[in-house]
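Under the UniProt record's numbering, the first residue of the sequence shown carries the number 1, and numbering increases by one thereafter.
Read through the structure below, which is laid out as structure tokens, and then see the notes.
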Amino acid sequence: MSVEEGGKASLSEKSNGLSAQEELRQLQEKTNAWKQSVAIQLGEAAKKNKQLRDELKEAGNNHEKEMSALRVQLDKEFRERTNLKDEEISNLQREMTQLREEKRRMAEEHKRVLEETAIRVRENSQRENVSKTRTDLEQREAELRQLRDIIEQKERALAQAEHEATVTKTSLDRLGEQYRELLSIMTHDEGQSVRDEDASDGRSASQHIVNWSDAAHRQQLETARSELRSLEERCAEKLREAQGVHETELQRLMEDVYQREEQLMTLQALLRQAQHEAETANQRITASRAEKERSEQRLAEKVAALSKELANRMEQSQQLSVEVERLQREVSSQEAVVHSLEEEARIREEAFTSLTLSEDNRHLVQGLQEALQKSREEAELWRSRYEEVMQETTNKSVFVPFGGGGGGDSSTDRFVLSEIAQREEALATEAARLESKARLLKSTEARLEELKRSIASQANFILQHRESVDDVHRRDTERIEKERRGGSFFASQRRYLQMIREQQGDTFFFLLRRLASYFVFMRLRVALPLLLFIVCTFLIFFSSRR
Numbered sequence: 001m002s003v004e005e006g007g008k009a010s011l012s013e014k015s016n017g018l019s020a021q022e023e024l025r026q027l028q029e030k031t032n033a034w035k036q037s038v039a040i041q042l043g044e045a046a047k048k049n050k051q052l053r054d055e056l057k058e059a060g061n062n063h064e065k066e067m068s069a070l071r072v073q074l075d076k077e078f079r080e081r082t083n084l085k086d087e088e089i090s091n092l093q094r095e096m097t098q099l100r101e102e103k104r105r106m107a108e109e110h111k112r113v114l115e116e117t118a119i120r121v122r123e124n125s126q127r128e129n130v131s132k133t134r135t136d137l138e139q140r141e142a143e144l145r146q147l148r149d150i151i152e153q154k155e156r157a158l159a160q161a162e163h164e165a166t167v168t169k170t171s172l173d174r175l176g177e178q179y180r181e182l183l184s185i186m187t188h189d190e191g192q193s194v195r196d197e198d199a200s201d202g203r204s205a206s207q208h209i210v211n212w213s214d215a216a217h218r219q220q221l222e223t224a225r226s227e228l229r230s231l232e233e234r235c236a237e238k239l240r241e242a243q244g245v246h247e248t249e250l251q252r253l254m255e256d257v258y259q260r261e262e263q264l265m266t267l268q269a270l271l272r273q274a275q276h277e278a279e280t281a282n283q284r285i286t287a288s289r290a291e292k293e294r295s296e297q298r299l300a301e302k303v304a305a306l307s308k309e310l311a312n313r314m315e316q317s318q319q320l321s322v323e324v325e326r327l328q329r330e331v332s333s334q335e336a337v338v339h340s341l342e343e344e345a346r347i348r349e350e351a352f353t354s355l356t357l358s359e360d361n362r363h364l365v366q367g368l369q370e371a372l373q374k375s376r377e378e379a380e381l382w383r384s385r386y387e388e389v390m391q392e393t394t395n396k397s398v399f400v401p402f403g404g405g406g407g408g409d410s411s412t413d414r415f416v417l418s419e420i421a422q423r424e425e426a427l428a429t430e431a432a433r434l435e436s437k438a439r440l441l442k443s444t445e446a447r448l449e450e451l452k453r454s455i456a457s458q459a460n461f462i463l464q465h466r467e468s469v470d471d472v473h474r475r476d477t478e479r480i481e482k483e484r485r486g487g488s489f490f491a492s493q494r495r496y497l498q499m500i501r502e503q504q505g506d507t508f509f510f511l512l513r514r515l516a517s518y519f520v521f522m523r524l525r526v527a528l529p530l531l532l533f534i535v536c537t538f539l540i541f542f543s544s545r546r
């Protein structure tokens with residue numbers, strides 16, 4: 001029985017030794033497989049980390065390229081806009097010189113036109129006055145000649161009437177003399193007959209002579225009376241005719257005088273009207289001169305305002321250049337800060353990933369070292385025990401079984417499985433973190449693309465606005481040139497003032513459009529660096545949080 005029990009014990013020890021070797025071999029195979037899987041996983045993780053680092057580096061390089069391209073584009077746009085501003089300033093200066101020349105030319109032309117109009121008005125008034133005075137003098141001379149002729153006719157008629165009166169007077173005197181002679185003769189004959197015939201015939205003869213002489217005397221008196229009456233009637237008739245003619249001539253002369261007085265009054269009224277027209281013309285000339293002075297003063301004020309505005313624009317452009325330089329320095333400093341922050345974030349991320357990976361590797365290495373140490377200890381234990389069993393079998397000694405082998409194997413497997421699960425969880429978390437970083441990079445790229453599109457659209461809008469402003473300015477320039485080439489445009493003073501008001505309105509609206517475009521450009525130049533700085537800080541914040 002003891003021999004059988006010893007044989008059975010030896011067989012059991014042999015079987016236990018074979019099972020321990022198989023378990024050791026299986027454990028070594030499991031350890032090798034686990035090592036291989038862990039090495040494969042570590043290689044894949046290293047490849048993924050390297051790939052992610054390459055992607056991050058490529059994304060950083062792309063971001064740098066895009067930022068440099070954006071900076072170049074912004075610098076180019078800024079230079080183009082400064083060139084456009086310089087061209088606009090030079091155009092404004094040329095326009096101001098042209099306006100000054102045009103103002104001087106228009107002032108000279110206006111002065112020349114006013115002088116010509118004054119000379120023409122003066123000459124016309126002089127010619128009209130000379131012609132009126134000449135016609136009045138001719139009319140008066142004709143009327144004076146007519147009056148002289150009429151007076152001469154009247155004088156001749158009066159001389160003829162006086163001559164007839166003198167003739168009748170001489171004839172009457174002659175008749176009176178004849179009568180007196182007859183009387184004297186009669187008296188002499190009567191005295192003589194009385195002396196001769198004293199007593200011959202007596203009183204009858206003397207009475208007969210007296211009667212005869214009385215009859216002759218009466219007859220002569222009757223004839224003289226009839227002649228006198230006829231002469232008186234003729235003289236009265238001629239006097240009446242002369243009075244009638246004189247009255248008619250006097251009435252005609254009075255009518256002529258009244259007509260001349262009326263003509264004189266009309267001439268005085270015309271003279272007063274001409275004087276009033278001359279005064280109104282002088283007033284208009286003075287008003288036009290005052291208006292010319294006011295327009296010159298307004299043009300001088302406008303030129304002064306434009307020169308002041310040009311000086312302000314030049315000062316603003318200098319301030320803007322200083323501000324642009326300051327903003328460029330700030331942008332360069334902010335870019336340096338962003339680069340430093342990106343570099344620090346990259347270093348932190350690399351340090352964090354290296355620390356994370358080194359901690360995992362350290363844990364894994366420690367676990368593997370502990371597992372290897374335990375496996376070595378177990379292998380040494382199993383080998384020593386196997387040697388003891390073999391020695392006991394050879395020496396026929398009693399085999400003492402080892403009771404802790406199965407518990408150690410199970411604890412080692414559990415530890416390895418727990419380590420593998422932890423590593424898988426760590427790899428899963430790392431993959432999730434890398435996926436989140438990839439999503440963040442994609443979202444950042446999408447934001448950058450959207451920013452590029454917005455910048456391109458704003459640039460297109462600014463260029464379109466600039467083209468529209470240039471078109472409007474070109475149309476205004478063409479319209480001004482056409483109006484300048486027109487010969488009859490500056491004929492009236494009202495049209496000239498309307499042109500000045502239109503030019504002032506166009507210049508005012510053109511300045512408003514330029515200020516609006518300048519304000520949009522300044523907002524873009526200030527907003528783009530701020531937007532880039534916000535995006536960079538956002539990326540740094542999320543990368544530091546991750």
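Quick reminder that beta carbons are idealized off the backbone N, C-alpha and C, glycines included.
Inset, instruction - Determine, using beta-carbon pairs with one atom in the stretch 82-95 and one in the stretch 302-320, whether at least three such pairs fall under 8 Å. - result: yes
Legend entry - Whole-number beta carbon distance between S131 and A278, since they are thought to touch under 8 Å: Wrong, their Cβ atoms sit about 16 Å apart, outside the cutoff.
Inset, instruction - Examine the ligand GTP and report whether any of its heavy atoms sits within less than 7 Å of the Cβ of R298. - result: This structure lacks the ligand GTP, and indeed carries no ligand of any kind.
Legend entry - With 16 other Cβ atoms within 10 Å as the buried cut-off, status of L99: buried
Legend entry - Close beta carbons around L114, own chain, < 8 Å, minus the five adjacent residues each side: Around L114: I285, S288, R289, K292.
Inset, instruction - For M265, count neighbouring C-beta atoms within 10 Å of its own C-beta (all shown protein chains included) and say buried if the count is 16 or more, exposed if not. - result: exposed
Inset, instruction - With a 10 Å radius around its C-beta and 16 neighbouring C-beta atoms as the bar for buried, classify S295 as buried or exposed. - result: buried
Inset, instruction - Throw me the rounded Cβ distance for the A242 and A157 pair, which I believe falls under 8 Å. - result: 6 Å
Inset, instruction - Round the Cβ separation of L306 and K103 to the nearest angstrom and send it over; I've been treating them as touching at under 8 Å. - result: That belief does not hold up - the Cβ atoms of L306 and K103 are roughly 12 Å apart, past 8 Å.
Legend entry - 8 Å Cβ cutoff met for L239 and T168: no
Inset, instruction - Examine the Cβ distances between the stretch 64-74 and the stretch 256-264 and report whether three or more of them are shorter than 8 Å. - result: no
Inset, instruction - Give the straight-line distance between the Cα atoms of D256 and D136, rounded to the nearest whole angstrom. - result: 14 Å
Legend entry - Through-space distance from I151 to L253, alpha-carbon basis: 11 Å
Legend entry - C-alpha gap between A87 and A107, whole angstroms: At residue 87 the sequence reads Glu, which differs from the Ala that was named. Spanning the two alpha carbons is a distance of roughly 29 Å.
Inset, instruction - Decide if H110 is buried, meaning its Cβ has at least 16 other Cβ atoms within 10 Å, or exposed. - result: buried
Inset, instruction - Please name the residue, chosen from V303, R439, S384, that lies closest to E101 on a Cα-to-Cα basis. - result: V303
Legend entry - Inter-residue Cα distance where the pair is T537 and S418: Straight-line spacing of the CA atoms in T537 and S418 works out to 40 Å.
Legend entry - Reduced DSSP category for I540 - H, G, I as helix; E, B as strand; rest coil: Of the three classes helix, strand and coil, the one that applies to I540 here is helix, per DSSP.
Inset, instruction - Go ahead and label L147 buried or exposed: buried means 16 or more other beta carbons lie within 10 angstroms of its beta carbon, across all protein chains shown. - result: L147 should be labelled exposed.
Inset, instruction - Using a threshold of 8 Å, state whether the C-beta atoms of A274 and E128 are closer than that. - result: yes
Inset, instruction - Could you work out which residue in A432, E323, A161 is closest to F78 when comparing CA atoms only? - result: E323
Inset, instruction - For E222, collect the residues of the same chain with a Cβ closer than 7 Å to its Cβ; drop the 5 residues on either side in sequence, then sort them by chain order. - result: none
Legend entry - Rounded distance between the beta-carbons of L172 and L228, thought under 8 Å: 7 Å
Legend entry - Candidates K57, S384, L56, K154, of which the one nearest T248 by Cα: K154
Inset, instruction - Whole angstroms is fine: what's the gap from T117's alpha carbon to M96's? - result: 30 Å
Inset, instruction - State buried or exposed for H63, treating a residue as buried only when at least 16 other CB atoms are found within 10 Å of its CB. - result: buried
Inset, instruction - Under 6 Å Cβ to Cβ from F541, same chain only, skipping five residues before and after it: list those, please. - result: none
Inset, instruction - In angstroms with no decimal places, state the Cα-to-Cα distance between R272 and A142. - result: 26 Å
Inset, instruction - Report back the beta-carbon spacing between V121 and A281 to the nearest angstrom; my notes put them in contact at under 8 Å. - result: V121 to A281, Cβ: 5 Å. Contact.
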